[in-house]
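Residue numbers (the working numbering): 1 to 185.
Where a beta carbon is used, it is the ideal one built from N, C-alpha and C, also for glycine.
Since this is a predicted model, take the numbers as computed values, not measurements.
Heads up: the structure comes next, in structure tokens.
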């Protein structure tokens, strides 16, 4: 079986929650993890050799979160064990500085909105403070994804009744400036 490369971040936060909603203005906040400034759409994947879809879901789902702002809902993923979470900027751009994060197991915590990506990338960083180590998603090396490879999306599109939804497709384009969807996914 060929190596499967999954867009854990891309599929998770760009396809399931943000791609449907078009172009959004994103500004840098006063605190921004330096790592976030260097994220590009070409590093939004991770190798997952010889795993089927259910194995990928079981491995990744614990690190997928739902973000609730009071007026919006979206998906994100845990990047670091100490609680750095990435999501779409449009999910939190009009939110208060503190939002609610719902973990895959149903537990909840408050998270601070700590920064936004530069250059129009629809990406934001949150920080949740937990005493336990959190499950994480690992980003892949740049240029590791190729058109035609399978992608998987886990997240909460549209509202919480779809929390931890899972779907799959194929990479159709890399390094898009805009995502154009004419039909709901």
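Does DSSP put residue i in a helix, a strand or coil?
{"i": "residue 108", "result": "strand"}
{"i": "residue 60", "result": "helix"}
{"i": "residue 55", "result": "helix"}
{"i": "residue 101", "result": "strand"}
{"i": "residue 89", "result": "helix"}
{"i": "residue 46", "result": "Only weak support is given to the placement of residue 46: the predicted model assigns it a pLDDT of 48, under 50, and the value that follows is read from those uncertain coordinates. Residue 46 falls in the strand class under three-state DSSP."}
{"i": "residue 130", "result": "coil"}
{"i": "residue 84", "result": "strand"}
{"i": "residue 204", "result": "What the structure shows of the chain is the stretch from 1 to 185, and residue 204 is not part of that stretch, so it cannot be assessed."}
Could you name the residues of the same chain whose beta carbon sits closer than 7 Å to that of residue i, not counting the 5 residues immediately before and after it, in chain order?
{"i": "residue 78", "result": "63, 65, 85, 134, 135, 136 and 137"}
{"i": "residue 99", "result": "67, 68, 69, 92, 111, 113 and 126"}
Here's the rule I'm using: 16 or more other beta-carbon atoms within 10 Å means buried, otherwise exposed. How should residue i be labelled?
{"i": "residue 75", "result": "buried"}
{"i": "residue 28", "result": "Below a pLDDT of 50, predicted positions are generally treated as unreliable, and residue 28, at 37, falls in that range; the measurement from the model is reported next regardless. Residue 28 should be labelled exposed."}
{"i": "residue 170", "result": "exposed"}
{"i": "residue 87", "result": "buried"}
{"i": "residue 156", "result": "buried"}
{"i": "residue 83", "result": "buried"}
For residue i, which of the options has the nearest alpha-carbon?
{"i": "residue 175", "options": "127, 121, 168 and 60", "result": "121"}
{"i": "residue 173", "options": "110, 150, 83 and 67", "result": "150"}
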